[in-house]
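Participant:
2 protein chains.
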Amino acid sequence: MTGLRDRQKADRERRILDAAVRMFRARGYRAVRLDELADRADVSVGTVYNYYQTKGDILIATVALEVEEVIGIGSAIVADPPRGVETALLALIFEYYDHSLNYLSKEMWRTAMALSIEAPDTRNGQHYSALDRKLCGQVIELVARLKERGEVRDDIDPEPFGELIFNNLNMMFIEFVKDDSMTLEALRCAVAAQMRPLAAMIATEDA
Amino acid sequence: MTGLRDRQKADRERRILDAAVRMFRARGYRAVRLDELADRADVSVGTVYNYYQTKGDILIATVALEVEEVIGIGSAIVADPPRGVETALLALIFEYYDHSLNYLSKEMWRTAMALSIEAPDTRNGQHYSALDRKLCGQVIELVARLKERGEVRDDIDPEPFGELIFNNLNMMFIEFVKDDSMTLEALRCAVAAQMRPLAAMIATEDA
DNA sequence: CTGCAAAAATGAACGCACTCAACTTTTTTC
DNA sequence: GAAAAAAGTTGAGTGCGTTCATTTTTGCAG
Numbered sequence: 001m002t003g004l005r006d007r008q009k010a011d012r013e014r015r016i017l018d019a020a021v022r023m024f025r026a027r028g029y030r031a032v033r034l035d036e037l038a039d040r041a042d043v044s045v046g047t048v049y050n051y052y053q054t055k056g057d058i059l060i061a062t063v064a065l066e067v068e069e070v071i072g073i074g075s076a077i078v079a080d081p082p083r084g085v086e087t088a089l090l091a092l093i094f095e096y097y098d099h100s101l102n103y104l105s106k107e108m109w110r111t112a113m114a115l116s117i118e119a120p121d122t123r124n125g126q127h128y129s130a131l132d133r134k135l136c137g138q139v140i141e142l143v144a145r146l147k148e149r150g151e152v153r154d155d156i157d158p159e160p161f162g163e164l165i166f167n168n169l170n171m172m173f174i175e176f177v178k179d180d181s182m183t184l185e186a187l188r189c190a191v192a193a194q195m196r197p198l199a200a201m202i203a204t205e206d207a
Numbered sequence: 001m002t003g004l005r006d007r008q009k010a011d012r013e014r015r016i017l018d019a020a021v022r023m024f025r026a027r028g029y030r031a032v033r034l035d036e037l038a039d040r041a042d043v044s045v046g047t048v049y050n051y052y053q054t055k056g057d058i059l060i061a062t063v064a065l066e067v068e069e070v071i072g073i074g075s076a077i078v079a080d081p082p083r084g085v086e087t088a089l090l091a092l093i094f095e096y097y098d099h100s101l102n103y104l105s106k107e108m109w110r111t112a113m114a115l116s117i118e119a120p121d122t123r124n125g126q127h128y129s130a131l132d133r134k135l136c137g138q139v140i141e142l143v144a145r146l147k148e149r150g151e152v153r154d155d156i157d158p159e160p161f162g163e164l165i166f167n168n169l170n171m172m173f174i175e176f177v178k179d180d181s182m183t184l185e186a187l188r189c190a191v192a193a194q195m196r197p198l199a200a201m202i203a204t205e206d207a
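Residue numbers (the UniProt record's numbering), protein chains in the order written: chain A, 1 to 207; chain B, 1 to 207.
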């Protein structure tokens, strides 16, 4: 049985994260002051810092929620990808992209990615990096799956190619969030143009 | 003829940048306070802000210097690359990597890259992005050059493949600066492993 | 040289993320 | 159930990047 203290702790942490998601999204990460956030979560500023190391840490926690969700959906695609190398790769990639703005703004993504580079040693910085690796692993898995099914050439090693594809889609996502005027549609086109020749290259002749 | 005012302005800007390069490198970007930097450059804090928009802006300016230098050296390699697709690509990539820590620390790179994502609208943020595009262009140019020489297959379009390679080396560089314990040698190995299968794939049969 | 306008330098003041010594609440002990 | 210990909360205080009203310097016309 969990004691009162543990329940209160869990509740406070949840309240802080709730307030953060709502406020960051509504008014932007930068514009939200920490004392406001604390007010909204019904705790003091000091308490926020008992649960999260920095303001950025709170943001990364909210982003992590989103990424976990995307990974969940992605695993279904990996388990049974559509036919065709290009189609399958784009299905997974577009799934990532299409969900990216469901709960998060571009500003939030920008800040979170910046933080994961700048402060890779914080708890949530590492958490974010771990999620990134998981996403990468999913792409590798997909390539491996397509190879099993005989759609990807037998002499292709899924690991370096999967990483190549992941690094590429990640960089293109960064370009996307850097430019507020770029649409999801434009991102899709750009990555498709990028992937098409590569997909053709690793696909078996008769695909 | 340049008036006294213009000369003094140029001199002050140079002094600030000089002090910044020296101090950031010696003591770390974060650890350098702006009033110290201003002291060292023999100007007031306010004056620093007449020349640069933010502290990060100063950092990006110092990083830009380094990148410009690397681009200069790279163009020689592109003009006359060594034989062999893999060899040529790695020559250019390693040139980038090997110079990266000449004047800048990993912390400076981390911060600069983070800033270029987080604040892409600042003057120097755009400057940095432009340099990035230039680097990417150089890789594309190299692929095109190798194609001309018949080392890269004729049905390969240099643009998407060049971008693919650039995005990849950029992401691997990010991983490198994120991990203080990772050596240049380890980075080289990682990127070589990544490039080998791709190089083999786009090279002409008889290479 | 003098007076005037434009440009630039200055540093005290401000805002906001973050800290920490004092206080409150929960748990444990007997 | 009271008292001691442990764990957690609190918000005024601190540090540092940034701003802006004031002062100083430069350029220019008469």
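For each residue, glycine too, the CB sits at the ideal point set by N, CA and C.
Output the boundary residues of the alpha helix (DSSP H) element that contains residue 163/A.
Facilitator: Taken as a continuous stretch (DSSP letters only), the alpha helix (DSSP H) holding residue 163/A covers 158-178.
Participant: By the 8 Å beta-carbon criterion, what residues does the segment 167-187 of chain A contribute toward chain B?
Facilitator: Taking 8 Å as the Cβ-Cβ cut-off against chain B, the residues of the segment 167-187 of chain A that qualify are 167, 168, 170, 171, 172, 174, 177, 178 and 179.
Participant: Give me, in chain order, the residues of the same chain whose beta-carbon lies closer than 8 Å to that of residue 74/B; leave out the 5 immediate sequence neighbours on both sides.
Facilitator: Correct list, in chain order: 92, 95, 96, 135 and 138.
Participant: Quick one: does residue 133/A have its CB under 7 Å from some CB of chain B?
Facilitator: Cβ-Cβ to chain B under 7 Å: no for residue 133/A.
Participant: State yes or no: is the beta carbon of residue 158/B nearer than 7 Å to at least one beta carbon in chain A?
Facilitator: It does not: the Cβ of residue 158/B has no partner Cβ on chain A nearer than 7 Å.
Participant: Considering residue 39/A, what are the terminal residues of the alpha helix (DSSP H) in which it resides?
Facilitator: 34-40 is the span of the alpha helix (DSSP H), which, as asked, contains residue 39/A.
Participant: Of all the CB atoms in chain B, is at least one closer than 7 Å to the CB of residue 114/A?
Facilitator: Closer than 7 Å: yes.
Participant: For the alpha helix (DSSP H) containing residue 181/B, list its first residue and its last residue.
Facilitator: No alpha helix (DSSP H) holds residue 181/B; DSSP gives it neither H nor E.
Participant: Check whether the Cβ of residue 143/B lies closer than 7 Å to any Cβ atom in chain A.
Facilitator: No, no contact with chain A.
Participant: CA-CA distance, residue 183/A and residue 40/B?
Facilitator: Each residue's Cα considered, the two are about 45 Å apart.
Participant: Go through its chain and collect everything with a Cβ distance to residue 222/A's Cβ below 6 Å, but skip five positions before and after it.
Facilitator: In the structure as shown, chain A starts at 1 and stops at 207, and residue 222/A therefore has no counterpart that could be examined.
Participant: Around the C-beta of residue 79/B, are 16 or more other C-beta atoms found within 10 angstroms, so that it is buried, or is it exposed?
Facilitator: Label assigned to residue 79/B: exposed.
Participant: Indicate whether at least one CB of chain A lies closer than 7 Å to the CB of residue 111/B.
Facilitator: Closer than 7 Å to some Cβ of chain A, the Cβ of residue 111/B qualifies, so yes.
Participant: Please name the residue or residues paired with residue 203/A in a DSSP beta bridge.
Facilitator: According to DSSP, residue 203/A bridges with 152/A.
Participant: What are the boundary residues of the alpha helix (DSSP H) that residue 18/A is part of?
Facilitator: First-last of the alpha helix (DSSP H) with residue 18/A: 4-27.
Participant: Excluding the 5 residues preceding and the 5 following residue 188/A in the sequence, name in chain order all residues of the same chain whose CB lies nearer than 7 Å to its CB.
Facilitator: Taken in chain order, the residues that qualify are 94 and 97.
Participant: Give a yes or no on whether the minimum CB-CB distance between residue 194/B and chain A is below 7 Å.
Facilitator: Interface residue, yes.
Participant: For residue 117/A, which residues in chain B fall below 7 Å Cβ to Cβ?
Facilitator: 110, 113, 114, 174 and 178, listed in chain order.
Participant: Can you tell me the Cβ-Cβ gap for residue 146/B and residue 82/B, rounded? I've got them flagged as a contact below 8 Å.
Facilitator: Contact flag wrong, Cβ pair sits at about 10 Å.
Participant: Taking 7 Å as the CB-CB cut-off, is residue 92/A touching chain B?
Facilitator: Judged by the 7 Å Cβ criterion, residue 92/A is not in contact with chain B.
Participant: Which bits of chain A does residue 104/B rub up against, with CB to CB less than 7 Å?
Facilitator: Correct list: empty, because the minimum Cβ distance to chain A is about 14 Å.
Participant: Consider the Cβ of residue 164/B: report whether some Cβ of chain A lies at a distance smaller than 7 Å.
Facilitator: Taking Cβ atoms only, chain A reaches closer than 7 Å to residue 164/B, which makes this a yes.
Participant: Quick one: is residue 65/A buried, meaning 16 or more other Cβ sit within 10 Å of its Cβ, or exposed?
Facilitator: By the neighbour-count rule (16 or more Cβ atoms within 10 Å), residue 65/A is not buried but exposed.
Participant: Using only the alpha-carbon positions, how far apart do residue 70/B and residue 103/B sit?
Facilitator: Roughly 12 Å separates the two Cα atoms.
Participant: Smallest Cα separation from residue 158/B: which of 123/B, 114/B, 203/B and 192/B?
Facilitator: Checking every option, the nearest Cα to that of residue 158/B belongs to 203/B.
Participant: The alpha helix (DSSP H) that contains residue 102/B, what's its start and end?
Facilitator: Looking at the DSSP string, residue 102/B is not in any alpha helix (DSSP H), and its letter there is neither H nor E.
Participant: Go through its chain and collect everything with a Cβ distance to residue 168/A's Cβ below 7 Å, but skip five positions before and after it.
Facilitator: Excluding residues within five positions, the ones whose Cβ falls inside 7 Å are 194.
Participant: If you measure from the beta carbon of residue 197/B to each beta carbon in chain A, is any gap under 7 Å?
Facilitator: Output row for residue 197/B: interface = yes.
Participant: How many Å lie between residue 68/A and residue 165/A at the Cα?
Facilitator: Looking at the two C-alpha atoms, the distance is approximately 20 Å.
Participant: Output the distance between the C-alpha atoms of residue 5/B and residue 123/B, rounded to the nearest integer angstrom.
Facilitator: Computed Cα separation, rounded: 23 Å.
Participant: If you follow the alpha helix (DSSP H) that residue 64/A is part of, which residue opens it and which one closes it?
Facilitator: It spans 55-79 - the alpha helix (DSSP H) in which residue 64/A sits, taken as one unbroken run.
Participant: Under 8 Å by Cβ, that's how I've got residue 128/A and residue 112/A pegged, so tell me the actual separation to the nearest angstrom.
Facilitator: With 8 Å as the limit, residue 128/A and residue 112/A qualify as a contact, their Cβ atoms being about 7 Å apart.
Participant: Residue 58/A and residue 117/B look like a contact to me (Cβ under 8 Å); what is the Cβ gap, rounded to whole Å?
Facilitator: About 19 Å; that fails the 8 Å criterion.
Participant: Apart from the five residues just before and just after residue 151/A, which ones in its own chain have a Cβ nearer than 8 Å to its Cβ?
Facilitator: The answer, listed in chain order, is 83, 84, 85, 88, 203, 204 and 207.
Participant: How would you label residue 110/A, buried or exposed, when you count the other beta carbons within 10 angstroms and need 16 or more for buried?
Facilitator: Under this definition residue 110/A is a buried residue.
Participant: For residue 162/B and residue 140/A, I'd like the C-alpha separation in whole angstroms.
Facilitator: About 21 Å.
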